[in-house]
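Report on the structure given below.
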Amino acid sequence: MDECLNAQEDEIRDSQTKEYRLLDVLRPMVQNTRDESIHYLKGTNLGFGAKKVDCLKIQSDDDGLIDYGPDIGFKFLNDTNNLSSTRRNSIIVPLKNVCGDRDVSHVFFTIYRHQKLFNGPQRYRVYGGEEAQQVVDNDTSTGKAIPLAPPGKCETQISVPSQASVLSATVMDSDGTVRALTTNAKSPVIAKLQFNLGKTKRPLHGETIVSWFNTDHQMWDLDEQCTVTSNENGIISANCEHLTDFSALILGQISANYVCSYPLIMLGYVVNGVSTLCLLVLTAIGILFYVIMMSMLIGIRMISPFLIPKLRRFFTTMTSPPAAISIGLLVPLAFTVLIFIFDIEFFKRDDEFCWVRPDYVVYAVLIPMVLPTINGVICSSFAIYKMFFQARRGLADGDTKHHDAEFWSKVLGLIFMQVAMGLPWVNFKQPLNPVADVMQTLKAATPVKQILKRLQMLRRS
Numbered sequence: 017m018d019e020c021l022n023a024q025e026d027e028i029r030d031s032q033t034k035e036y037r038l039l040d041v042l043r044p045m046v047q048n049t050r051d052e053s054i055h056y057l058k059g060t061n062l063g064f065g066a067k068k069v070d071c072l073k074i075q076s077d078d079d080g081l082i083d084y085g086p087d088i089g090f091k092f093l094n095d096t097n098n099l100s101s102t103r104r105n106s107i108i109v110p111l112k113n114v115c116g117d118r119d120v121s122h123v124f125f126t127i128y129r130h131q132k133l134f135n136g137p138q139r140y141r142v143y144g145g146e147e148a149q150q151v152v153d154n155d156t157s158t159g160k161a162i163p164l165a166p167p168g169k170c171e172t173q174i175s176v177p178s179q180a181s182v183l184s185a186t187v188m189d190s191d192g193t194v195r196a197l198t199t200n201a202k203s204p205v206i207a208k209l210q211f212n213l214g215k216t217k218r219p220l221h222g223e224t225i226v227s228w229f230n231t232d233h234q235m236w237d238l239d240e241q242c243t244v245t246s247n248e249n250g251i252i253s254a255n256c257e258h259l260t261d262f263s264a265l266i267l268g269q270i271s272a273n274y275v276c277s278y279p280l281i282m283l284g285y286v287v288n289g290v291s292t293l294c295l296l297v298l299t300a301i302g303i304l305f306y307v308i309m310m311s312m313l314i315g316i317r318m319i320s321p322f323l324i325p326k327l328r329r330f331f332t333t334m335t336s337p338p339a340a341i342s343i344g345l346l347v348p349l350a351f352t353v354l355i356f357i358f359d360i361e362f363f364k365r366d367d368e369f370c371w372v373r374p375d376y377v378v379y380a381v382l383i384p385m386v387l388p389t390i391n392g393v394i395c396s397s398f399a400i401y402k403m404f405f406q407a408r409r410g411l412a413d414g415d416t417k418h419h420d421a422e423f424w425s426k427v428l429g430l431i432f433m434q435v436a437m438g439l440p441w442v443n444f445k446q447p448l449n450p451v452a453d454v455m456q457t458l459k460a461a462t463p464v465k466q467i468l469k470r471l472q473m474l475r476r477s
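Start counting at 1 in the sequence shown, then tack on 16, and there's your number in my numbering.
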């Protein structure tokens with residue numbers, strides 16, 4: 017079976033039928049063995065272990081299997097504490113919980129390092145890996161049904177993490193029947209699981225779940241999910257009240273709701289198209305002005321007094337500080353308030369307002385934040401020097417009192433320049449916490465107050 021799993025996933029899928037599946041060969045082997053224990057712990061694709069259980073003479077409270085990787089292999093695990101002290105894929109069964117009013121004969125465990133055996137008519141997207149092949153038609157040449165393509169990225173769906181293993185545990189009664197649930201009124205925890213998803217990023221528009229493979233429908237089932245007790249740094253722990261084949265899965269949308277909105281998609285195309293057109297026009301005007309039409313500058317200055325007075329007043333008004341402040345601040349603020357009033361769900365995203373794929377965070381978030389920061393620091397330093405320090409160099413007498421009547425207007429202009437360049441919004445904190453944001457703002461205001469005090473002292477001197 018381990019050697020068969022070296023084949024390609026499509027070959028394994030095509031070779032299996034409803035009457036014969038590789039997953040069905042383990043139970044007869046355990047049922048017909050006469051050994052107290054059988055194990056296969058050096059496999060390339062899977063590890064397997066089975067033991068006879070005497071509920072009257074339980075030697076250990078727990079029993080399970082752990083995967084230490086290709087170099088070391090698989091080992092039996094009989095202590096729940098060891099489950100939480102490692103970062104390995106492992107499964108453990110509390111024997112006291114499964115030994116009840118029925119005679120338990122065997123318990124066996126299997127760890128599959130991939131999901132080649134767990135596929136059916138529905139393909140799943142691979143989260144953190146290559147996209148699943150988009151095929152929807154039947155192969156008329158062979159007559160075999162090709163698996164259905166995954167749902168669209170805007171639909172809630174199951175995605176399989178690229179590094180997700182499958183952990184399986186089975187309890188067999190003395191008559192050879194497989195027990196999936198206990199007979200108690202309230203089912204206890206009969207399986208404890210731990211998955212190591214490596215560096216798989218947290219899903220932006222979904223959640224990590226632990227569920228089981230429904231062999232009747234050949235698909236991952238969303239009913240009777242396991243309870244996830246911990247999900248930190250790629251290590252997922254879960255408790256289950258039944259025994260079967262389990263895996264860590266991603267449940268949610270691939271894309272955000274607002275990215276899937278057709279009006280917003282069209283608006284995005286329009287805005288990007290207009291922005292690109294404006295950028296090209298401005299670039300062309302700049303090239304023509306500085307390269308070809310430099311000689312016309314004098315003529316433009318000469319005819320400017322004869323322009324239409326209304327047009328001149330319009331440009332004067334639109335370029336004045338009140339108009340610039342109103343357009344640059346009040347319009348975005350008004351849109352934000354309207355969204356907050358009529359679409360509050362926009363702010364309840366639980367993804368820190370990030371539409372960026374996890375593998376593009378550096379290029380789409382980090383670099384665009386670093387460049388405006390550097391640009392803002394350089395521009396602010398140059399502006400402060402030109403407005404406050406260069407003017408003092410023109411004074412012949414260093415003791416002469418100099419009063420700058422435009423001091424506060426310059427300070428206000430600097431503040432609005434920072435807002436326009438986005439420096440106050442460059443925030444590297446992860447959680448969205450209003451109280452913490454206010455405290456952080458107050459802390460950030462302290463050096464600003466010191467700078468203003470220093471500038472005011474220079475003004476008085």
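Even glycine gets a Cβ: it sits at the ideal position worked out from N, Cα and C.
Counting along the chain, the unbroken beta strand (DSSP E) around Tyr128 starts and ends at Val120 to Tyr128. Pairing Phe92 with Ile107, the inter-Cα distance amounts to about 10 Å. If you look at Thr172, you'll find it isn't in any beta strand (DSSP E); DSSP assigns it neither H nor E. The C-beta distance from Arg104 to Asp83 rounds to 6 Å, short enough to meet the 8 Å contact threshold.
Distance from the CA of Phe405 to the CA of Phe432, rounded to the nearest whole angstrom, comes to 20 Å. Shortest Cα-Cα distance from Asn249 to any of Gly214, Asp70 and Thr126 involves Gly214.
If you draw a straight line from the Cα of Gly59 to the Cα of His258, it comes to about 26 Å.
For the pair of segments examined, the stretch 215-227 was found not to touch the stretch 115-134: the number of CB pairs separated by less than 8 Å stays below three. Per DSSP, Asp26 is one residue of the alpha helix (DSSP H) stretching across Glu25 to Ser31. Scanning Leu387, Ala350, Asp26 and Ala399 for the CA closest to the CA of Gln138 turns up Asp26. Its chain contains Arg104 as the residues whose beta carbon lies nearer than 8 Å to that of Gly85, once the 5 sequence neighbours on both sides are disregarded; these appear in chain order.
Take the alpha-carbon of Asp232 and the one of Tyr278: they are about 38 Å apart. Look at Met385 here: in three-state DSSP terms it is helix.
Contact between Met17 and Val41 is confirmed by a C-beta separation of about 6 Å, below the 8 Å threshold. Rounded to whole angstroms, the separation of the alpha carbons of Val142 and Leu133 is 15 Å. Ranked by Cα distance from Asp261, the first of Gln24, Leu304, Thr186 and Gln269 is Thr186.
In the DSSP secondary-structure assignment, Trp236 is bridged to Phe229. Annotation: the continuous beta strand (DSSP E) that includes Gly65 extends over Leu62 to Lys68. Judged by beta-carbon spacing, Gly144 lies beyond the 9 Å limit of Lys68, meaning their Cβ atoms are not closer than that value. For Gln241, the three-state secondary structure derived from DSSP is coil. For the 9 Å CB-CB criterion, Phe211 and Ile266 do not form a contact. With a cutoff of 9 Å on beta-carbon distance, Met188 and Val244 are scored as not near each other. DSSP, read as helix, strand or coil, puts Leu21 in helix.
Of the candidates Met235, Gln173 and Val226, Val226 places its Cα closest to the Cα of Asn247.
Beta-bridge pairing by DSSP links Tyr84 to no other residue. Secondary structure at Cys395: helix, using DSSP grouped into helix, strand and coil. Contact between Lys169 and Ser271 holds, with the beta-carbon distance rounding to 4 Å and staying under 8 Å. Here Ser101 is not near Ser181, since their CB atoms are 9 Å or more apart. The beta carbons of Asp87 and Pro110 sit about 30 Å from each other, so the pair does not count as a contact at 8 Å. The C-beta distance from Asn61 to Asn22 rounds to 7 Å, short enough to meet the 8 Å contact threshold. With fewer than 16 other beta carbons inside 10 angstroms of its own, Val286 counts as exposed. Only exposed fits Val290, as fewer than 16 other CB atoms lie within 10 angstroms of its CB.
By the C-beta density criterion, Ile174 is buried, having at least 16 other C-beta atoms within 10 angstroms. Inter-residue distance for His122 and His55 is about 13 Å (C-alpha atoms, whole angstroms). Contact annotation: Tyr140 and Trp236 have beta-carbon atoms nearer than 9 Å.
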